[in-house]
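So the protein sequences, as listed, match chains A and B.
Under numbering that gives the first Met the number 0, the first sequence has 82 at position 83, and the numbering climbs by one with no breaks.
Under numbering that gives the first Met the number 0, the second sequence has 54 at position 55, and the numbering climbs by one with no breaks.
In this text, a Cβ means the ideal position worked out from N, Cα and C, and glycines have one as well.
These notes concern the structure reproduced below.
2 protein chains.
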Amino acid sequence: MKQLSKTKSAYIAGFLDGDGSIYIRLKPNHSYHFGYQIAPNIVFYQSQRNLKYLEQIKTMIGGGYLRKRNDGIVEYVLGDVATMSSLLKQILPYLIFKKKQARLFLKILNQKPKVRTQADFIILAKMIDDLEKLNYSKKRFINSKVVKDSFTRL
Amino acid sequence: MKQLSKTKSAYIAGFLDGDGSIYIRLKPNHSYHFGYQIAPNIVFYQSQRNLKYLEQIKTMIGGGYLRKRNDGIVEYVLGDVATMSSLLKQILPYLIFKKKQARLFLKILNQKPKVRTQADFIILAKMIDDLEKLNYSKKRFINSKVVKDSFTRL
Numbered sequence: 000m001k002q003l004s005k006t007k008s009a010y011i012a013g014f015l016d017g018d019g020s021i022y023i024r025l026k027p028n029h030s031y032h033f034g035y036q037i038a039p040n041i042v043f044y045q046s047q048r049n050l051k052y053l054e055q056i057k058t059m060i061g062g063g064y065l066r067k068r069n070d071g072i073v074e075y076v077l078g079d080v081a082t083m084s085s086l087l088k089q090i091l092p093y094l095i096f097k098k099k100q101a102r103l104f105l106k107i108l109n110q111k112p113k114v115r116t117q118a119d120f121i122i123l124a125k126m127i128d129d130l131e132k133l134n135y136s137k138k139r140f141i142n143s144k145v146v147k148d149s150f151t152r153l
Numbered sequence: 000m001k002q003l004s005k006t007k008s009a010y011i012a013g014f015l016d017g018d019g020s021i022y023i024r025l026k027p028n029h030s031y032h033f034g035y036q037i038a039p040n041i042v043f044y045q046s047q048r049n050l051k052y053l054e055q056i057k058t059m060i061g062g063g064y065l066r067k068r069n070d071g072i073v074e075y076v077l078g079d080v081a082t083m084s085s086l087l088k089q090i091l092p093y094l095i096f097k098k099k100q101a102r103l104f105l106k107i108l109n110q111k112p113k114v115r116t117q118a119d120f121i122i123l124a125k126m127i128d129d130l131e132k133l134n135y136s137k138k139r140f141i142n143s144k145v146v147k148d149s150f151t152r153l
């Protein structure tokens, strides 16, 4: 992604703090080595009438895509690891509300390629639990316990 | 209010774009010369669990107050004209979503002390109509037409 100016980084930090989300989901998927896909996302939400402004933010960041929901909300979704890492590193100094989440998210992205064993994967899943606790996430079903149990059953 | 650094201004611009509101209400009040109080506000909204971060934004800006609602939302409310003018002028270069609203809001605040006649007041009320159109406001009952009609009845 693009190198942002300091004020653009600070703007996006404020926008993400006010209106965005940093999360990681564990999705059961047998084509992955440990049976779970690790799906990290950064998402910004806005009313569809603000679509053109969200396009501007997308151009500023230079990655991701817009997704219209049925409830009148447009999501601007980032899912590419390189883009998300670069963005978070640039905006980290300016984040206030989501600084902890951003730090942990980066740590998880950094740890992910180093996972070799089931034990490593469980440690990673626990870090994702911690991230979702910081997010006060309630809609989460696949956590480190589910992962651990699925390993034990094999 | 305080003079903000460029990155703090940009952060608050992003936060306001994502999560805030710039509006003016006309409140019927007979103690005012034309029978209406002009009540401008800038408001930021957050979940109560983020109260401490909203306190930080308040300290950064150096004005306004926090108000807990019954639905778990905390509002950080600015109502002082000097503070709001100073803040908007500083963050204006960085605003994306709410740039038009901010410009019109400043224009209205600037025009307000110059109002001498009922005709002047109606022009001001029409500018407030325009602001609320930009805000897609639906909960608005007192508009320039109501003001005009009340003047005609006298």
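Per DSSP, cross-strand counterpart(s) of K26/A: Q36/A
Proximal residues of chain B, C-beta to C-beta of G17/A below 9 angstroms: G13, F14, L15, D16, G17, D18, G19, F43, Y44, Q45
Rounded separation between K125/B and S143/B - CA only: 5 angstroms
Of the residues M83/A, Y64/A, K67/A, I37/A, the one placed nearest I141/A, counting alpha carbons only: I37/A
Simplified DSSP state of R66/A, which is helix, strand or coil: strand
Minimum Cβ-Cβ distance from I72/B to chain A less than 8 angstroms: no
Neighbouring residues, chain B, relative to Y64/A (Cβ below 9 angstroms): Here the premise fails: no neighbours, minimum Cβ distance about 19 angstroms.
Separation of F96/A from N49/B, as counted between CA atoms: 7 angstroms
Pair within 8 angstroms by beta-carbon distance, L108/B and Y22/B: no
For S84/A, three-class secondary structure by DSSP: helix
Buried or exposed by the 16-neighbour rule on C-beta atoms within 10 Å, applied to G61/A: exposed
Contacts around K57/B, its chain only, beta-carbon distance under 7 angstroms, and the 5 residues preceding and following it disregarded: G63, L65, Y75
Within-8 angstroms CB hit, N49/B to chain A: yes
Close Cβ partners of L25/A (< 7 angstroms) along its chain, the five nearest in sequence each way excluded: Y35, I37, A124, I127, I141, V146
Chain B contact for I127/A (CB, 8 angstroms cutoff): no
C-beta neighbour in chain A for Y52/B, strict 8 angstroms: yes
Rounded Cβ spacing between G17/B and G19/A (contact assumed at less than 8 angstroms): 7 angstroms
Integer Cβ distance of F150/B from Q117/B, believed to fall under 8 angstroms: 5 angstroms
R102/A to D148/B span [Cα, whole Å]: 57 angstroms
Neighbour-count burial assignment, G71/A, 16 or more Cβ in a 10 Å radius: exposed
K113/A classed as buried or exposed, judged by whether at least 16 other C-beta atoms fall within 10 angstroms: exposed
Alpha carbon of S46/B to alpha carbon of D119/B, nearest angstrom: 40 angstroms
Closest residue to E54/A among V73/A, Q89/A, P39/A (Cα-Cα distance): V73/A
Through-space distance from F33/B to I41/A, alpha-carbon basis: 50 angstroms
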